[in-house]
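Residue numbers (the numbering used here), protein chains in the order written: chain A, 9 to 192; chain B, 142 to 573. C-beta atoms are modelled at their ideal positions from N, C-alpha and C, and glycine is treated no differently. Owing to the predicted nature of the structure, the values given are computational and were not obtained by experimental measurement.
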Amino acid sequence: MLEDKLIIYQFNRGNREVLRQVYEKYKKDLLTLAAVLLYDRNAAEDVVQDVFASFIESAEKFRLTGTLKGYLAVCVANNVRNRNKARQRHQSVGLDEVEPAVSDSERPDFSAMFSEDLQRLAWALTQLPYQQREILLLHVHTGMKFGEIAKLSGESINTLKGRYRYGLDKLRFLLNSRVKNETG
Amino acid sequence: MKPADNIHKLIKKLQIEPGLDMDRKVHIRITKALEKWKKTKPAGSKPNIWRTIMKSRITKLAAAAVIIIAILIGINQFGGSIGGGSVVWADVLKQISEFRPYVCKMTFDYDGDRPSDIYTVMYMSRSRRREIRDEGRLIQVFDMSQRPVRILTLYPEQKFARETLLLDRGPTKDPDMLRIIAGRQNGTEEDLGLAKIDGKTVRVFHSPDKYNEFTVWIDVKTSLPERVEIRQPTSNRMIIMEEFEFDVEFDESLFETTAPEDYAADRVEMAGKESLIKQEDLAEKADFEAYVLSTRPTWTKEPRVMEVSNVMGIGDDIYMTFAVADDGRHVVLMQSQMMSKMLLSKIRTGELVYTSSNGLKVYRGGPEKWYSNILLESVGNILPDKPSPDRTGCAIESPSGAVILIAINGPISDDELFDAVESLVPAKEYKK
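Next up, the structure:
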């Protein structure tokens with residue numbers, strides 16, 4: 009976190025090139041987050057580009073309160089949510105509080121994105137409701153604490169923890185079931 | 142093992158490599174933003190105010206300088222000696238009795254939980270040395286070869302430099318431990334035989350002493366030290382010198398004591414006696430709205446105030462309130478009218494974390510590690526400890542716009558910080 013503060017401090021002191029450093033440091037994690045949330049690599053790249061574009065535009069006014077990685081990760085998650093909502097509006101489907109998991113007909117091709125051992129996990133994640141998938145990735149993959157996620161997203165810690173627990177339980181069930189099916 | 146048993150590990154393994162196209166697009170956007178900023182910012186914009194706190198300040202402080210540390214401390218306590226008795230030891234004395242430029246790693250290892258102090262020191266001569274601390278984040282250059290003694294303190298990451306002049310010191314020489322070792326001879330040393338350090342064969346000598354117990358490891362080929370350990374029981378510490386390199390041809394520029402051109406810099410001149418006052422005197426002394434701690438922090442002793450006056454007649458006075466703590470978490474406050482004017486708009490860009498019952502606003506999220514280091518070093522001749530790696534700080538705005546910077550030489554809980562802030566009252570309202 010001190011490194012993040014130094015980056016922001018350097019930026020505020022006129023060293024704007026640190027923005028490149030920020031991108032290079034976090035691009036993989038942010039792209040992975042977007043891709044697993046959207047299950048679409050091309051859309052994920054668009055999201056990461058949009059998030060960085062917004063960050064660059066607002067960088068002069070930026071004030072770090074948590075971690076830089078956490079902040080950018082939540083921006084990615086918010087961007088993905090907005091895209092999902094926009095897509096649902098276009099499809100004239102009523103908005104649910106909990107966005108649906110991926111249907112079989114929409115199952116993405118993970119072979120292009122992940123190695124074989126991770127494809128099972130990626131598939132299982134698509135079976136979770138969006139919000140459970142999101143909290144699992146933000147907490148486990150990005151490494152954010154629940155408090156930080158709550159602060160940036162405006163949701164209560166208890167709600168987030170609940171989603172995380174349900175998501176993890178379902179993930180365990182799915183992965184165990186899949187193993188059983190594969191091994192007969 | 143079932144996949145579900147290591148779900149966390151699997152999730153962390155998910156990684157997608159960005160394509161070159163994405164990289165190119167983002168970097169183009171960054172370049173465009175940089176070009177836009179260059180056009181909108183005037184050339185030679187003033188540097189962020191955090192880089193300068195004082196200009197041409199002169200402090201009335203004790204002769205024991207703020208920055209010079211007697212490595213130096215405890216040197217006067219050296220007693221005992223190492224005697225001759227072997228050809229190797231006589232060769233050692235011959236080798237180190239004449240100065241030769243060298244570099245080594247110094248470690249001050251303290252008993253208990255206090256963190257070690259580790260730095261690299263380069264000795265150009267007995268009067269000029271360079272110390273590199275905190276992985277290069279703090280560099281100090283000492284030149285004692287003339288009067289005044291000059292000390293340059295560099296903060297490379299913040300591109301800030303402080304030139305300190307000790308007006309009534311110098312020329313003088315650094316005691317330098319190797320020369321002290323060379324000066325000890327009374328035949329009480331013990332030859333502990335041969336050993337190996339990094340593949341080198343060394344002979345080990347030990348000198349028992351109540352205040353400074355020496356152990357030196359001597360390279361049998363060069364008769365030069367490979368390692369020196371000095372145990373100082375009265376200071377509860379061990380000093381270790383290792384990774385020696387002798388006869389180094391240093392670049393002269395490493396020992397310059399003038400701030401680099403691309404650094405923001407200030408200068409502090411020190412002379413005379415220290416000027417300590419009580420908190421209750423601040424009401425009369427300060428010509429601005431200064432604050433005092435109406436109750437001392439629960440973990441410190443009674444606060445005192447150091448008056449920092451500008452005898453050059455430029456600018457105004459600075460008041461450093463300090464409270465020494467037995468657990469090392471010393472508290473230092475800095476207040477001045479000039480500083481308030483310079484910093485007010487800047488501190489408001491931090492995060493407002495607390496507002497006290499008497500309207501004091503506490504901001505955090507600025508370069509606290511950096512300025513707390515400066516505050517703690519500014520009273521370093523009074524505090525028993527150097528700035529700790531886990532020091533912290535905050536900036537406070539009073540209802541009338543006065544600014545107080547606070548440094549604590551260790552971690553502090555929110556409750557402890559807010560209690561301390563709640564105890565701050567205007568000096569004019571303070572009655573002991």
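Would DSSP call serine 481 of chain B helix, strand or coil? Counting from one through the second sequence, the residue named residue 481 of chain B turns up at place 340. Helix at serine 481 of chain B.
For glycine 175 of chain A and leucine 168 of chain A, I'd like the C-alpha separation in whole angstroms. Stepping through the first sequence from its first residue, residue 175 of chain A is reached at position 167. Stepping through the first sequence from its first residue, residue 168 of chain A is reached at position 160. Distance between the alpha carbons of glycine 175 of chain A and leucine 168 of chain A is about 10 Å.
At a Cβ cut of 9 Å, what residues of the segment 144-170 of chain B count as close to chain A, listed as they run along the chain? Pro144, Ala145, Asp146, Ile148, His149, Leu151, Ile152, Lys153, Lys154, Leu155, Gln156, Ile157, Glu158, Pro159, Gly160, Asp162, Met163, Asp164, Lys166, Val167, His168 and Arg170
May I ask you to report which of helix, strand or coil DSSP gives alanine 431 of chain B? For the purposes of this step, residue 431 of chain B is taken as residue 290 along the second sequence, with counting starting at 1. Three-state DSSP puts alanine 431 of chain B in coil, outside helix and strand.
Per-residue DSSP class, three states only, for tryptophan 358 of chain B: For the purposes of this step, residue 358 of chain B is taken as the residue at position 217 of the second sequence. Note: tryptophan 358 of chain B maps to strand in three-state DSSP.
According to DSSP, is serine 348 of chain B part of a helix, a strand, or is it coil? Indexing the second sequence from 1 puts residue 348 of chain B at position 207. Strand, per DSSP.
Along the segment 120-137 of chain A, where does the CB come closer than 9 Å to a CB of chain B? Name the residues. Met121, Phe122, Ser123, Asp125, Leu126, Arg128, Leu129, Ala130, Ala132 and Leu133
Within 8 Å (strictly less), CB to CB, does valine 88 of chain A reach chain B? Within the first sequence, the letter at position 80 stands for residue 88 of chain A. Not closer than 8 Å to any Cβ of chain B, the Cβ of valine 88 of chain A fails to qualify, so no.
Give me the Cα-Cα distance between asparagine 86 of chain A and leucine 423 of chain B, rounded to the nearest whole angstrom. On the first sequence, residue 86 of chain A is found 78 positions in, with the first residue counted as 1. On the second sequence, residue 423 of chain B is found 282 positions in, with the first residue counted as 1. Rounded to whole angstroms, asparagine 86 of chain A to leucine 423 of chain B spans 52 Å at the Cα level.
What three-state label does DSSP hand isoleucine 157 of chain B in the structure shown? As a first step, residue 157 of chain B is located in the second sequence; it is residue number 16 there, counting from the start. The answer is coil: DSSP assigns isoleucine 157 of chain B none of H, G, I, E or B.
Among the residues of its own chain, which have a CB less than 8 Å from the CB of tyrosine 172 of chain A, if the five just before and after it don't count? The residue labelled residue 172 of chain A in the question sits at position 164 within the first sequence. Counting only Cβ-Cβ distances below 8 Å, and skipping sequence neighbours, we find Gln140, Ile143, Leu144, His147 and Phe154.
Given that proline 43 of chain A touches chain B, what residues does it touch there, using C-beta distances under 9 Å? Stepping through the first sequence from its first residue, residue 43 of chain A is reached at position 35. The displayed chain sequence assigns alanine, not proline, to residue 43 of chain A. In chain order: Leu155 and Ile157.
Cross-chain neighbours of threonine 75 of chain A in chain B, by beta carbon under 7 Å: The residue given as residue 75 of chain A occupies position 67 in the first sequence. The contacting residues do not exist; threonine 75 of chain A stays about 13 Å from chain B at best.
Along the segment 493-508 of chain B, what residues have a CB closer than 9 Å to any CB found in chain A? Gly506, Gly507 and Pro508
For a contact defined as C-beta to C-beta under 7 Å, what are the partners of tryptophan 178 of chain B on chain A? Mapped onto the second sequence, residue 178 of chain B falls at position 37. Those within 7 Å of tryptophan 178 of chain B in chain A are Arg24.
Please classify serine 348 of chain B as buried or exposed, where buried requires at least 16 neighbouring CB atoms within 10 angstroms. Along the second sequence, one-based indexing puts residue 348 of chain B at 207. Classification for serine 348 of chain B: buried.
How would you list, in chain order, the residues of chain B whose beta-carbon sits under 9 Å from the beta-carbon of valine 56 of chain A? Sequence index remark: in the first sequence, residue 56 of chain A carries index 48 (1-based). Pro159, Met163 and Val167, listed in chain order.
Taking only beta-carbon positions, decide if alanine 174 of chain B is within less than 8 Å of chain A. Taking the second sequence and counting its residues from 1, the one referred to as residue 174 of chain B is at position 33. True, the Cβ-Cβ gap to chain A drops below 8 Å.
Of all Cβ atoms in chain B, is any one closer than 8 Å to the Cβ of arginine 180 of chain A? Counted from its first residue, the first sequence places residue 180 of chain A at position 172. At a cut-off of 8 Å between beta-carbon atoms, arginine 180 of chain A makes contact with chain B.
Report buried or exposed for aspartate 162 of chain B, applying the criterion of at least 16 other Cβ atoms within 10 angstroms of its Cβ. By one-based count along the second sequence, residue 162 of chain B stands at place 21. Flag for aspartate 162 of chain B reads exposed.
How would you label glycine 340 of chain B, buried or exposed, when you count the other beta carbons within 10 angstroms and need 16 or more for buried? Counting from 1 along the second sequence, the entry for residue 340 of chain B is found at position 199. Under this definition glycine 340 of chain B is an exposed residue.
Alanine 561 of chain B to serine 394 of chain B span [Cα, whole Å]: For the purposes of this step, residue 561 of chain B is taken as residue 420 along the second sequence, with counting starting at 1. For the purposes of this step, residue 394 of chain B is taken as residue 253 along the second sequence, with counting starting at 1. Taking the straight line from one Cα to the other gives about 45 Å.
Quick one: what does DSSP say methionine 465 of chain B is sitting in, helix, strand or coil? By 1-based counting over the second sequence, the position of residue 465 of chain B is 324. Inspection of the sequence shows that residue 465 of chain B is occupied by valine rather than by methionine. Coil at valine 465 of chain B, not helix or strand.
Would you mind reading off the limits of the alpha helix (DSSP H) that contains glutamate 367 of chain B? The residue given as residue 367 of chain B occupies position 226 in the second sequence. Looking at the DSSP string, glutamate 367 of chain B is not in any alpha helix (DSSP H); the run it does join, the beta strand (DSSP E), is 366-373.
Three or more beta-carbon pairs under 8 Å between the segment 496-509 of chain B and the segment 554-569 of chain B, yes or no? yes
Chain B within 8 Å of lysine 159 of chain A, Cβ atoms only: Here residue 159 of chain A corresponds to residue number 151 of the first sequence, with the count starting at 1. Not a single C-beta of chain B is nearer than 8 Å to the C-beta of lysine 159 of chain A.
Using a 10 Å radius around the Cβ and a threshold of 16 neighbouring Cβ atoms, would you call serine 486 of chain B buried or exposed? Residue numbering aside, residue 486 of chain B sits at position 345 when the second sequence is read from its first letter. The residue in question, serine 486 of chain B, is exposed, as its Cβ has fewer than 16 Cβ neighbours within 10 Å.
Closer than 8 Å, CB to CB, is leucine 146 of chain A near chain B or not? Indexing the first sequence from 1 puts residue 146 of chain A at position 138. So, not an interface residue.
Would you mind giving the Cβ-Cβ distance between alanine 536 of chain B and glycine 491 of chain B, rounded to the nearest angstrom? I have them listed as a contact below 8 Å. Position 395 of the second sequence, counted from the start, is the residue given in the question as residue 536 of chain B. Position 350 of the second sequence, counted from the start, is the residue given in the question as residue 491 of chain B. The C-beta separation of alanine 536 of chain B from glycine 491 of chain B comes to about 6 Å, placing the pair in contact by the 8 Å criterion.
Cβ contact check for the segment 394-410 of chain B and the segment 548-556 of chain B: 3 or more pairs under 8 Å: no
If I measure Cβ to Cβ from valine 465 of chain B and keep anything under 8 Å in the same chain, skipping five residues before and after, which residues do I get? The residue you call residue 465 of chain B lines up with position 324 of the second sequence. Closer than 8 Å at Cβ, skipping near neighbours: Thr441, Lys442, His471, Ile523, Leu524 and Pro525.
If you draw a straight line from the alpha carbon of glutamate 331 of chain B to that of phenylalanine 346 of chain B, how long is it in whole angstroms? To locate residue 331 of chain B, count along the second sequence from 1; it is residue 190. To locate residue 346 of chain B, count along the second sequence from 1; it is residue 205. Cα to Cα, the separation comes out at about 6 Å.
Identify the continuous alpha helix (DSSP H) that holds glutamine 135 of chain A and give its terminal residues. Along the first sequence, one-based indexing puts residue 135 of chain A at 127. In the DSSP assignment, glutamine 135 of chain A falls outside any alpha helix (DSSP H), carrying neither H nor E.
Would you call the segment 123-134 of chain A and the segment 52-60 of chain A touching, i.e. three or more CB-CB distances under 8 Å? no
Under a three-way DSSP split, which group does phenylalanine 385 of chain B fall into? One-based indexing of the second sequence puts residue 385 of chain B at position 244. Three-state result, phenylalanine 385 of chain B: strand.
Within 10 angstroms of its Cβ, does glutamate 386 of chain B collect 16 or more other Cβ (buried), or is it exposed? Your numbering for residue 386 of chain B matches position 245 in the second sequence. Label assigned to glutamate 386 of chain B: exposed.
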